[in-house]
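Scroll down for the structure; my scribbles are underneath it.
Residue numbers (the working numbering): 27 to 240.
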């Protein structure tokens, strides 16, 4: 909402807020979700999430081991409950009882957005109104920031085809052994001829004998 200044700023803010709220309510009613109460909306949400959890089961993706457009559509909805609704009932469900949906969301995130930083605290539900004796939601086991178990099998399989050998400091390629070269490596090798033998040293001449004294 735009900032309103002046002597009638409070009244203008009140009018604009009511106009916007009535507009949003009409749109939500036309969409269908605005025809239910808040409690009914939460019940419908929980029913849909439990149905998705049953469809997913122990599979990697909803249609099996290969990804489909169904997974992308479901991820777009579940990601909001996974990361953007802290302290709500959707977060409590997805990170607690329906843990397979949370693992699915984390798998999709790591596959398409590996640079997407996730705080380690975001992988846990810390509900203040839930008691541990009542089965409070637990964290994502073995799903910390540095855990990659059962999430990157496809990428590991593709890496085996592209990288058939391991690199070492002695065999790894660098800029210096590329096509650029450093000078002597790219110059044509000249034929090495054997050096010519040195001429023999002449024998030292013997001094002539001195004539006898008379």
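Beta carbons are placed, not taken as given, at the ideal position from N, Cα and C, and that holds for glycine.
Here the structure is a predicted model, which means the values were calculated and not measured.
Apart from the five residues just before and just after residue i, which ones in its own chain have a Cβ nearer than 7 Å to its Cβ?
| i | result |
| --- | --- |
| residue 105 | 131 |
| residue 77 | none |
| residue 141 | none |
| residue 72 | 119 |
| residue 56 | none |
How close, in whole Å, do the beta carbons of residue i and residue j come, if the pair is a contact with beta carbons under 8 Å?
| i | j | result |
| --- | --- | --- |
| residue 116 | residue 107 | 4 Å |
| residue 111 | residue 75 | With 8 Å as the limit, residue 111 and residue 75 do not qualify as a contact, their Cβ atoms being about 12 Å apart. |
| residue 124 | residue 79 | 4 Å |
How would you label residue i, buried or exposed, when you count the other beta carbons within 10 angstroms and need 16 or more for buried?
| i | result |
| --- | --- |
| residue 133 | buried |
| residue 122 | buried |
| residue 19 | Outside the displayed span of the chain (27 to 240) sits residue 19, for which this structure offers no information. |
| residue 53 | exposed |
| residue 188 | Low local confidence applies: a pLDDT of 46 at residue 188 is under 50, so the model's placement there is unreliable, with the coordinate-based value given in what follows. So residue 188 ends up on the exposed side. |
With a Cβ-Cβ cutoff of 9 Å, do residue i and residue j count as a contact?
| i | j | result |
| --- | --- | --- |
| residue 97 | residue 126 | no |
Among residues of its own chain, excluding the 5 on either side of residue i, which ones have a beta-carbon nearer than 8 Å to its beta-carbon?
| i | result |
| --- | --- |
| residue 67 | 59 |
| residue 62 | 70 |
| residue 89 | 96, 97 |
| residue 81 | 88 |
Taking 8 Å as the cut-off, is the CB of residue i close to at least one heavy atom of the ligand ADP?
| i | result |
| --- | --- |
| residue 46 | Absent from the structure shown: the ligand ADP. Ligands present: none. |
Kindly list the residues whose CB is nearer than 6 Å to the CB of residue i, restricted to its own chain and excluding five residues on each side of it in sequence; keep chain order.
| i | result |
| --- | --- |
| residue 87 | 93, 97 |
| residue 103 | none |
Quick check for students: name the residue ranges of the alpha helix (DSSP H) that lie wholly in the segment 56 to 100, counting only runs of 4 or more. Within the segment 56 to 100, the complete alpha helix (DSSP H) segments at least 4 residues long are 64 to 82, listed from N- to C-terminus.
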